[in-house]
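Asker:
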Amino acid sequence: MSLARVYSRAQDGVAAPLVTCEVHLSGGLPGTSIVGLPETAVKEARDRVRAAILTARFDYPARRITVNLAPADLPKDGGRFDLPIALGILAANGNLPAAALAEHEFVGELALSGELRPIRGVLPAVLRAARSGRRVIVPRGNAAEAALVGAADVRAADTLLDVCAHLAGRAELPVAVASDGSGEAPEDEPDLADVRGQPQARRALELAAAGMHNLLLVGPPGTGKTLLASRLPGILPPLEEDEAIELAAIRSVAGLGGDLHGWKRRAFRSPHHTASAVALVGGGSIPRPGEVSLAHHGVLFLDELPEFDRHVLEVLREPLESGRIVISRAARQAEFPARFQLVAAMNPCPCGYAGDPSGRCRCASEQVARYRSRVSGPLLDRIDLKLEMPRVPLAELRAENAGESSASVKARVCAARMRQLRRAGKPNAWLGNREAERDCALRSSERHLFDRAVERLGLSARAYHRVLRLARTIADLADSDRIEAPHLSEAIQYRRLDLH
1 MSLARVYSRA QDGVAAPLVT CEVHLSGGLP GTSIVGLPET AVKEARDRVR AAILTARFDY
61 PARRITVNLA PADLPKDGGR FDLPIALGIL AANGNLPAAA LAEHEFVGEL ALSGELRPIR
121 GVLPAVLRAA RSGRRVIVPR GNAAEAALVG AADVRAADTL LDVCAHLAGR AELPVAVASD
181 GSGEAPEDEP DLADVRGQPQ ARRALELAAA GMHNLLLVGP PGTGKTLLAS RLPGILPPLE
241 EDEAIELAAI RSVAGLGGDL HGWKRRAFRS PHHTASAVAL VGGGSIPRPG EVSLAHHGVL
301 FLDELPEFDR HVLEVLREPL ESGRIVISRA ARQAEFPARF QLVAAMNPCP CGYAGDPSGR
361 CRCASEQVAR YRSRVSGPLL DRIDLKLEMP RVPLAELRAE NAGESSASVK ARVCAARMRQ
421 LRRAGKPNAW LGNREAERDC ALRSSERHLF DRAVERLGLS ARAYHRVLRL ARTIADLADS
481 DRIEAPHLSE AIQYRRLDLH
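Numbering (the numbering used here), first residue to last: 1 to 500.
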């Protein structure tokens, strides 16, 4: 047989489109050509494949070899096609049964010795292969990651020769097994009981967790802003299985799939303020996910918010609204999910002590205005809770009684979140405008109160709906079916902080 077909998967964002590797042997001068829009790493596969086949003690065909990676208009990159190309050449040369190839999908990079090396983005490929009903063969280094997909039949191989023996029926490849490391939160996870004082900030953090609302903490250095933010993942509801797999797939595409420690926990990403826009939202000639996608279903914490470049902060506006990010380049376009919860912290002025009772601040009003203007109004408009954090009194710092633990707060948060899921199937912060008006209906007295607040604070249409969603979350935590005046008043209070 001079023609063989082998199935594999490309990488396109977090998608894994099917690629058919067609190998044809013909007469003419010996040589190997690869077509089908291959990048440089794919073109170089012919040298790796040739050395691996010879090392495995197979004869490399002394014929004209044409490898077509279909569809031809889909860019192919990386070393993931080494294994299917090698198997296609061996099958076309009569060394492997073609029928066995049709039941499998293959991904893996080949070393010159024939050893299989792990690749990026194996989890999306296994997810799609499981839907097709085909068995997947992956390198041993990707086995634990691939085994997270329980519905897939995944086999792990060390070398090209092991795969050939399996396809020829001489030896069965072992089933890939997930690592023993627990995906749950460790026992030493940061606890909210460590926070002294700051009852208002603790309340705001609980509201943010219950409804997936964005939060901004403003206060002098040392008031516990970073400490509070780091405790937020510990009071969020646990990830659902499909959410955990979706996050693991993003990490796999980013090249972090090998680290499976705590893969069922919500992400907490805290990039430094020198991060670029590409680092934050993703990009590159071959688009990769950025911090907003790695924080999917989790928390993106931006400390020292005004120190970020303004252009970098502005790129957050689209994913905060849509929950996704689309990266467009000349040759390709990739879409990544980015449904994250933004928590930001900042000082009130350049020195950090504006408004402090000690009077330590010496910043001029122009300096304070310039510092605060680094965060744009449209970005602040997308933040539901804005809170000033004062210094903690010495007596509260020395208090022996610990604050309420994360476990007890998490119980209330989970109960409130369940109310939201039963009512709308999503957290309150994700409600559309029509859904917000339906689920956040006000009686005449509350509506009159709200109308006066909207006029006095000059709220935008976006802020109008965000206050309603936050009031609905406050009512859910109070186990109330309706939004009462106290719930609405509290939600309005979190909009009163004016940074401009």
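Just so you know, even glycine gets a beta-carbon here, dropped at the ideal spot from N, CA and C.
#1: In angstroms with no decimal places, state the Cα-to-Cα distance between residue 32 and residue 66.
#2: Rounded C-beta distance between residue 294 and residue 251? I'm assuming under 8 angstroms.
#3: Give me the Cα-Cα distance between residue 119 and residue 192, rounded to the nearest whole angstrom.
#4: Within the region 61-123, note down every full beta strand (DSSP E) run reaching 3 residues or more, in order along the chain.
#5: Between the Cα of residue 501 and those of 468, 351, 436, 439, spot the shortest distance and give me the residue it belongs to.
#6: If I measure Cβ to Cβ from residue 279 and keep anything under 7 angstroms in the same chain, skipping five residues before and after, which residues do I get?
#7: Rank 2, 3, 7, 12 by C-alpha distance to the C-alpha of residue 287 and give the top, closest one.
#8: Could you spell out where the beta strand (DSSP E) holding residue 306 opens and where it closes?
#9: Assuming residue 135 is part of the alpha helix (DSSP H), what are its boundary residues?
#10: Give me the residue from 213, 223, 211, 161 with the minimum Cα distance to residue 194.
#11: Suppose contacts are defined by Cβ-Cβ distances below 9 angstroms. Is residue 136 in contact with residue 144 by that definition?
#12: For residue 333, count the other beta carbons within 10 Å of its own beta carbon; 16 or more makes it buried, fewer makes it exposed. Which is it?
#13: Alpha carbon to alpha carbon, how far is residue 151 from residue 14?
#14: Report whether the distance from the Cβ of residue 149 to the nearest heavy atom of the ligand NAD is below 8 angstroms.
#15: Cβ atoms of residue 149 and residue 157: under 9 angstroms apart, would you say?
#16: Tell me the rounded alpha-carbon separation between residue 108 and residue 79.
#17: Leaving out five residues before and five after residue 384 in sequence, what residues of the same chain have Cβ atoms less than 6 angstroms from its Cβ?
#18: With residue 233 and residue 299 assumed to form a contact (beta carbons below 8 angstroms), what rounded beta-carbon distance in angstroms separates them?
#19: Span of the alpha helix (DSSP H) holding residue 253?
#20: Would you give the residue range spanned by the beta strand (DSSP E) that residue 31 belongs to?
#21: For residue 43, count neighbouring C-beta atoms within 10 Å of its own C-beta (all shown protein chains included) and say buried if the count is 16 or more, exposed if not.
#22: With H, G and I counted as helix, E and B as strand and the rest as coil, what does DSSP make of residue 341?
#23: Am I right that residue 82 and residue 39 are in contact with their C-beta atoms under 8 angstroms? What's the rounded C-beta distance?
#24: Can the beta-carbon of residue 261 be found closer than 9 angstroms to that of residue 302?
#25: Excluding sequence positions up to five away, which residues of its chain have a Cβ less than 6 angstroms from the Cβ of residue 372?
#26: Just mark residue 398 as buried or exposed, buried being the case when its beta carbon has 16 or more other beta carbons within 10 Å.
#27: Return helix, strand or coil for residue 518, following the three-state DSSP convention.
#28: Can you tell me where the beta strand (DSSP E) with residue 7 in it begins and where it stops?
#29: Give the DSSP bridge partners of residue 324, in chain order.
#30: Can you have a look at residue 487 and say buried or exposed, based on whether 16 or more other CB atoms are within 10 angstroms of its CB?
#31: Tell me where the beta strand (DSSP E) around residue 330 begins and ends.
#32: Comparing C-alpha positions only, which one of 395, 381, 479 sits nearest to residue 423?
#33: Does the Cβ of residue 482 have 16 or more other Cβ atoms within 10 Å, making it buried, or fewer, making it exposed?
#34: Just curious, the beta strand (DSSP E) that residue 386 is in, first and last residue?
Answerer: If we stick to the structure as given:
#1: 6 angstroms
#2: 7 angstroms
#3: C-alpha separation (whole angstroms): 39 angstroms.
#4: 64-70, 104-106
#5: Within the shown structure, residues of the chain are numbered from 1 to 500, placing residue 501 beyond reach of any answer.
#6: Once the five neighbours on either side are set aside, the close Cβ partners of residue 279 are 271, 290, 291.
#7: Restricting attention to 2, 3, 7, 12, the CA atom closest to the CA of residue 287 is found in 12.
#8: Looking at the DSSP string, residue 306 is not in any beta strand (DSSP E), and its letter there is neither H nor E.
#9: Unbroken run through residue 135 is the beta strand (DSSP E), 135-139; no alpha helix (DSSP H).
#10: Proximity to residue 194 across 213, 223, 211, 161 peaks at 223, based on C-alpha coordinates.
#11: no
#12: exposed
#13: 19 angstroms
#14: In the structure shown, the ligand NAD is absent, as is every other ligand, since no ligand is present at all.
#15: no
#16: 7 angstroms
#17: Its chain contains 213, 214, 466, 470 as the residues whose beta carbon lies nearer than 6 angstroms to that of residue 384, once the 5 sequence neighbours on both sides are disregarded; these appear in chain order.
#18: About 6 angstroms separates the beta carbons of residue 233 and residue 299, which is inside the 8 angstroms limit, making them a contact pair.
#19: 241-253
#20: It spans 31-35 - the beta strand (DSSP E) in which residue 31 sits, taken as one unbroken run.
#21: Looking at its Cβ environment, which holds fewer than 16 other Cβ atoms inside 10 Å, residue 43 is exposed.
#22: Residue 341: strand per DSSP, three-state reduction.
#23: That pair is no contact at about 13 angstroms.
#24: no
#25: 499
#26: exposed
#27: This structure leaves residue 518 out entirely; the chain is present only between 1 and 500.
#28: 3-9
#29: 337
#30: buried
#31: Premise fails: residue 330 is in no beta strand (DSSP E) and is neither H nor E.
#32: 479
#33: exposed
#34: 385-388
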